[in-house]
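Novice: 301 is the number of the first residue of the sequence shown in my numbering; add one for each residue after it.
All C-beta atoms in this analysis are idealised placements derived from N, C-alpha and C, irrespective of residue type, glycine included.
Pasting a structure below so you can have a look.
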Amino acid sequence: MPTTPAPAIAHTTLAAAPPAELSLEERMAFINAAMTVRLEEAAVAYEVNTAHIPIEPVDLADVVTVPLTPTLQPPTPYPTPVAALLQRAHHRLRTGGWCSGALVDEDGARCLYGAIHIEARSDQSVESRGFEVLMDAIRRQFGDVDSVPSFNDGFASGRIPMRMLDQAVGLADARGL
301 MPTTPAPAIA HTTLAAAPPA ELSLEERMAF INAAMTVRLE EAAVAYEVNT
351 AHIPIEPVDL ADVVTVPLTP TLQPPTPYPT PVAALLQRAH HRLRTGGWCS
401 GALVDEDGAR CLYGAIHIEA RSDQSVESRG FEVLMDAIRR QFGDVDSVPS
451 FNDGFASGRI PMRMLDQAVG LADARGL
């Protein structure tokens, strides 16, 4: 039997089509998707790596201070004598400066006690009630504190003592003192 050769199979290879160029919007969409994945991975890694670090909440009153420079004009005084005294003392500290370790430092800055004392203008009754209200405001937030001078001297910056003095102004006004 004669053998017939098998038909030759023509092998044709298709050349790969050149890649279609992506438009700018398509490239930006791909990069956006890739960056989103990378940022999500980084966020998870950050959470895992910092989960063991204890944090303390930040009191925004310690961070945000407006205005940055105090006005030279005193605010409208409160109608009650103790609230007005504490308000004047607060204004004196804002404009004249705060200090610790002395009633008045060499630059004229005063501590809480020195500001209230000078603003009381020799009215012992109003001065002592002002110290009582200030101690109430301090003890509400800080617990058992011995005295205004010891509280004042416990800080390197006047931000917290002045904030407590400002809270005492509101407390005295609310009490009608």
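1) Out of E406, E419 and R338, which one is the CA nearest neighbour of P377?
2) Which value, in whole angstroms, describes the spacing of the CA atoms of F330 and E347?
3) Specify, as a first and last residue, the run of the alpha helix (DSSP H) that P354 falls within.
4) What's the call for V337, buried or exposed, on a 16-neighbour Cβ count within 10 Å?
5) Looking at L386 and V445, is the spacing between their C-beta atoms short of 8 Å?
6) Which word fits Q424, buried or exposed, when buried means at least 16 other C-beta atoms lie within 10 angstroms of its C-beta?
7) What residues are listed by DSSP as bridge partners for R439?
8) Check each candidate in V433, R392, A334 and L339 and name the one with the smallest Cα separation from V448.
9) Once you ignore the five residues that flank D473 on each side, which residues in its own chain have a CB closer than 7 Å to its CB?
10) Taking G414 as part of the alpha helix (DSSP H), name the residues at either end of that continuous run.
11) If the criterion is Cβ atoms closer than 8 Å, does the pair R259 and G401 meet it?
Specialist: This is what the structure gives:
1) Of E406, E419 and R338, the residue nearest in Cα terms is E419.
2) In a straight line, the C-alpha of F330 is about 26 Å away from that of E347.
3) The continuous stretches of alpha helix (DSSP H) do not include P354, and DSSP gives it neither H nor E.
4) Under the 10 Å beta carbon count, V337 is surrounded by fewer than 16 other beta carbons and is classified as exposed.
5) Cβ atoms of V445 and L386: not closer than 8 Å.
6) Exposed is the label assigned to Q424, since fewer than 16 other Cβ atoms lie within 10 Å of its Cβ.
7) In the DSSP assignment, R439 is bridged to no other residue.
8) It is V433.
9) Non-local beta-carbon contacts of D473 in its own chain, meaning distances under 7 Å to residues more than five positions away in sequence, involve Y378, T380 and A383 in chain order.
10) For G414, the enclosing alpha helix (DSSP H) begins and ends at L412 to A420.
11) Past the boundaries of the shown model lies residue 259; the chain is included only from 301 to 477, so the question cannot be answered.
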